[in-house]
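2 protein chains.
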Amino acid sequence: MTSSLEEQCIAKGVKMTGQRRVILRVLSESTDHPDADTVFRRAAKIDPKISIATVYRTVHKLEEVNILESHDFGGDRLRYEQRPEQHHDHLIDVRTGKVIEFTNPQIEELQQRIAQELGFRLVGHRLELYAMPLKEADKPKAAGHPVHARATRRKRAR
Amino acid sequence: MTSSLEEQCIAKGVKMTGQRRVILRVLSESTDHPDADTVFRRAAKIDPKISIATVYRTVHKLEEVNILESHDFGGDRLRYEQRPEQHHDHLIDVRTGKVIEFTNPQIEELQQRIAQELGFRLVGHRLELYAMPLKEADKPKAAGHPVHARATRRKRAR
DNA sequence: TTGCTCTTGCGAATCGTTCTCATTTGTCCC
DNA sequence: GGGACAAATGAGAACGATTCGCAAGAGCAA
Numbered sequence: 000m001t002s003s004l005e006e007q008c009i010a011k012g013v014k015m016t017g018q019r020r021v022i023l024r025v026l027s028e029s030t031d032h033p034d035a036d037t038v039f040r041r042a043a044k045i046d047p048k049i050s051i052a053t054v055y056r057t058v059h060k061l062e063e064v065n066i067l068e069s070h071d072f073g074g075d076r077l078r079y080e081q082r083p084e085q086h087h088d089h090l091i092d093v094r095t096g097k098v099i100e101f102t103n104p105q106i107e108e109l110q111q112r113i114a115q116e117l118g119f120r121l122v123g124h125r126l127e128l129y130a131m132p133l134k135e136a137d138k139p140k141a142a143g144h145p146v147h148a149r150a151t152r153r154k155r156a157r
Numbered sequence: 000m001t002s003s004l005e006e007q008c009i010a011k012g013v014k015m016t017g018q019r020r021v022i023l024r025v026l027s028e029s030t031d032h033p034d035a036d037t038v039f040r041r042a043a044k045i046d047p048k049i050s051i052a053t054v055y056r057t058v059h060k061l062e063e064v065n066i067l068e069s070h071d072f073g074g075d076r077l078r079y080e081q082r083p084e085q086h087h088d089h090l091i092d093v094r095t096g097k098v099i100e101f102t103n104p105q106i107e108e109l110q111q112r113i114a115q116e117l118g119f120r121l122v123g124h125r126l127e128l129y130a131m132p133l134k135e136a137d138k139p140k141a142a143g144h145p146v147h148a149r150a151t152r153r154k155r156a157r
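Written out as structure tokens, the structure reads:
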């Protein structure tokens with residue numbers, strides 16, 4: 000069990016403030032992968048005077064110290080999750096946007112090998128599977144990366 | 000050898016205009032993965048009165064008819080490439096931003112299997128390897144997806 | 001407290017990308 | 001070849017997630 004986010008922050012020398020405590024609480028209570036605005040709305044329920052800018056600044060700081068991780072599934076806004084102790088990849092349910100985490104050592108290995116064969120040292124990767132729940136697999140989508148087809152506005156990061 | 004982009008367009012009923020011809024020419028002469036602004040600048044060299052809006056519109060249309068594909072390596076702007084006849088993934092040289100294409104049937108298979116085991120039907124995926132050229136692998140990067148750490152402004156799409 | 005640095009709020013600024021609308025162009029048809 | 005019409009274009013405004021600037025507040029060590 001990892002220590003509370005607040006403890007982790009203190010351990011990393013991140014100054015604790017009221018707003019940060021609220022945001023940390025929101026994050027630790029989130030089991031989904033919320034985007035900045037969602038974090039903001041949840042935080043605002045606890046402290047209505049918190050500012051969206053503070054949310055952005057805080058998640059950046061948390062990324063900096065490796066407490067949070069951001070992903071941009073689907074190319075609209077960035078979504079956040081606590082940095083997992085064990086690396087995992089994501090499967091995105093294209094019907095609902097829900098994210099399922101999984102790990103697969105074989106894939107990890109293959110990636111290393113491929114990079115090496117191309118003359119590189121792997122420093123990071125992104126693997127996302129976009130999928131439809133089995134059962135009634137309708138929706139005659141054209142083809143290609145379905146994600147890009149539905150994105151709207153994009154995001155930034157430091 | 001695939002027919003010229005212009006022929007492909009005609010075959011798909013895409014109305015040919017002077018601007019589109021210019022953009023198609025730029026795209027077919029590009030061996031890199033240019034972003035919209037790069038396409039615009041290259042096109043402007045041929046037809047200085049072309050508008051950036053036209054580039055965006057054209058590129059969207061081409062995606063619609065499956066002639067182009069977009070990717071958002073690194074989360075800044077979308078980058079384009081002709082839709083390959085054979086699917087491939089990308090390795091991004093984090094030092095230069097250059098993109099290397101590769102294919103690996105084993106990985107494709109694994110992905111299918113993983114989705115299936117989770118109760119889904121794979122409809123798309125994204126696999127990107129971020130890597131440093133071997134030789135002098137310095138740069139003490141913290142960890143995590145290095146991409147997100149360097150992105151700046153984000154993008155949109157339909 | 002005092003001092004000092006880091007943080008916060010608010011609103012303005014960014015900046016890829018998209019939209020609006022008046023105008024031009026491609027295409028089909030006679 | 002001339003019209004008719006839908007579709008495409010240019011220019012600039014609009015959008016929207018994210019970031020910045022700056023004045024006011026808050027941790028925290030001494």
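Those sequence lines, one after another, are chains A and B. Counting from 1, position 88 in the first sequence corresponds to residue 87 in numbering that gives the first Met the number 0; the numbering is continuous, with no gaps. Counting from 1, position 125 in the second sequence corresponds to residue 124 in numbering that gives the first Met the number 0; the numbering is continuous, with no gaps. The beta carbon of each residue, even a glycine, is placed where N, CA and C say it ideally should be.
For L104 of chain A, collect the residues of the same chain with a Cβ closer than 7 Å to its Cβ; drop the 5 residues on either side in sequence, then sort them by chain order.
Sequence index remark: in the first sequence, residue 104 of chain A carries index 105 (1-based). Here residue 104 of chain A turns out to be Pro, not Leu, going by the sequence shown. Around P104 of chain A: no qualifying Cβ.
Say whether chain B places a C-beta atom closer than 8 Å to the C-beta of E80 of chain A.
If you number the first sequence from 1, residue 80 of chain A lands on position 81. False, the Cβ-Cβ gap to chain B never drops below 8 Å.
Flag H124 of chain A as yes if its beta-carbon sits less than 8 Å from any beta-carbon of chain B, otherwise no.
Counting from 1 along the first sequence, the entry for residue 124 of chain A is found at position 125. Judged by the 8 Å Cβ criterion, H124 of chain A is in contact with chain B.
Closest Cβ-Cβ distance between V93 of chain B and chain A: below 8 Å?
The residue you call residue 93 of chain B lines up with position 94 of the second sequence. Chain A, which has a Cβ nearer than 8 Å to the Cβ of V93 of chain B, makes this yes.
C-beta neighbour in chain A for I49 of chain B, strict 8 Å:
Within the second sequence, the letter at position 50 stands for residue 49 of chain B. Taking Cβ atoms only, chain A never reaches closer than 8 Å to I49 of chain B, which makes this a no.
Does P132 of chain A get closer than 8 Å to chain B when you measure Cβ to Cβ?
Here residue 132 of chain A is taken as the residue at index 133 of the first sequence, counted from 1. Interface residue, yes.
Report the partner residues of F119 of chain B according to the DSSP bridge assignment.
Taking the second sequence and counting its residues from 1, one reaches residue 119 of chain B at position 120. In the DSSP assignment, F119 of chain B is bridged to A:P132.
Report the CB separation of E62 of chain B from D88 of chain B in whole angstroms; it is logged as a contact under 8 Å.
Counting from 1 along the second sequence, the entry for residue 62 of chain B is found at position 63. Counting from 1 along the second sequence, the entry for residue 88 of chain B is found at position 89. Under the criterion of beta carbons closer than 8 Å, E62 of chain B and D88 of chain B do not qualify as touching, at roughly 19 Å.
I want to see whether chain A comes within less than 8 Å of G12 of chain B, judged by CB atoms only; does it?
To locate residue 12 of chain B, count along the second sequence from 1; it is residue 13. So no, G12 of chain B is outside the interface.
Let me confirm a value: Q115 of chain A is counted as buried when at least 16 other C-beta atoms fall within 10 Å, else exposed. Which label applies?
The residue you call residue 115 of chain A lines up with position 116 of the first sequence. Exposed is the call here.
For R120 of chain B, which residues in chain A fall below 7 Å Cβ to Cβ?
Looking up residue 120 of chain B in the second sequence gives position 121. The contacting residues are A130, M131, L133, A136.
I'd like to know whether the C-beta of I106 of chain B is nearer than 8 Å to at least one C-beta of chain A.
To locate residue 106 of chain B, count along the second sequence from 1; it is residue 107. Under the Cβ distance rule, I106 of chain B counts among the residues neighbouring chain A, one pair being separated by less than 8 Å.
Can you give me the Cβ contacts of K14 of chain B inside the same chain, cut-off strictly under 7 Å, excluding the 5 residues immediately before and after it?
Here residue 14 of chain B corresponds to residue number 15 of the second sequence, with the count starting at 1. No residues qualify anywhere along the chain.
Name the DSSP beta bridge partners of V98 of chain B, please?
Residue numbering aside, residue 98 of chain B sits at position 99 when the second sequence is read from its first letter. Paired residue(s): B:I91.
At least 3 beta-carbon pairs within less than 8 Å: the stretch 75-83 of chain B vs the stretch 31-50 of chain B:
Touching, per the Cβ criterion.
Pairwise C-alpha distance: L90 of chain A and A136 of chain A:
Looking up residue 136 of chain A in the first sequence gives position 137. Looking up residue 90 of chain A in the first sequence gives position 91. Residue confidence for A136 of chain A is low, a pLDDT of 45 falling below 50, so the modelled location carries little weight; the figure read from the coordinates is stated next. Looking at the two C-alpha atoms, the distance is approximately 16 Å.
Minimum Cβ-Cβ distance from L4 of chain B to chain A less than 8 Å:
Taking the second sequence and counting its residues from 1, one reaches residue 4 of chain B at position 5. Nearest CB-CB separation between L4 of chain B and chain A: not below the 8 Å threshold.
In terms of DSSP beta bridges, what is L126 of chain B paired with?
In the second sequence, the residue the question calls residue 126 of chain B occupies position 127. Paired residues: A:L126.
Report buried or exposed for P145 of chain B, applying the criterion of at least 16 other Cβ atoms within 10 angstroms of its Cβ.
Position 146 of the second sequence, counted from the start, is the residue given in the question as residue 145 of chain B. Confidence is the limiting factor: at P145 of chain B the pLDDT is only 37, short of 50, which leaves the residue's position unreliable, though a coordinate-based value still follows. Classification of P145 of chain B: buried, given that the 10 Å Cβ count is 16 or more.
Just verifying my parser: in three-state terms, what is the DSSP assignment at R78 of chain B?
Walking along the second sequence from the start, residue 78 of chain B turns up at place 79. Residue state for R78 of chain B is assigned as strand, using DSSP reduced to three classes.
Which of helix, strand or coil does DSSP assign to H59 of chain B?
Translated into positions along the second sequence, residue 59 of chain B becomes position 60. DSSP places H59 of chain B within a helical segment (H, G or I) once states are collapsed to three.
Beta-bridge partners of L26 of chain A, as assigned by DSSP
Numbered from 1 along the first sequence, position 27 holds the residue referred to as residue 26 of chain A. DSSP output for L26 of chain A lists no bridge partner at all.
With distances taken Cα to Cα, identify the nearest neighbour of I51 of chain A among A:I106, A:V21, A:S29.
Taking the first sequence and counting its residues from 1, the one referred to as residue 51 of chain A is at position 52. Of A:I106, A:V21, A:S29, the residue nearest in Cα terms is A:V21.
Does DSSP classify R41 of chain B as helix, strand or coil?
The residue labelled residue 41 of chain B in the question sits at position 42 within the second sequence. R41 of chain B carries a helical assignment under DSSP once its states are collapsed to helix, strand and coil.
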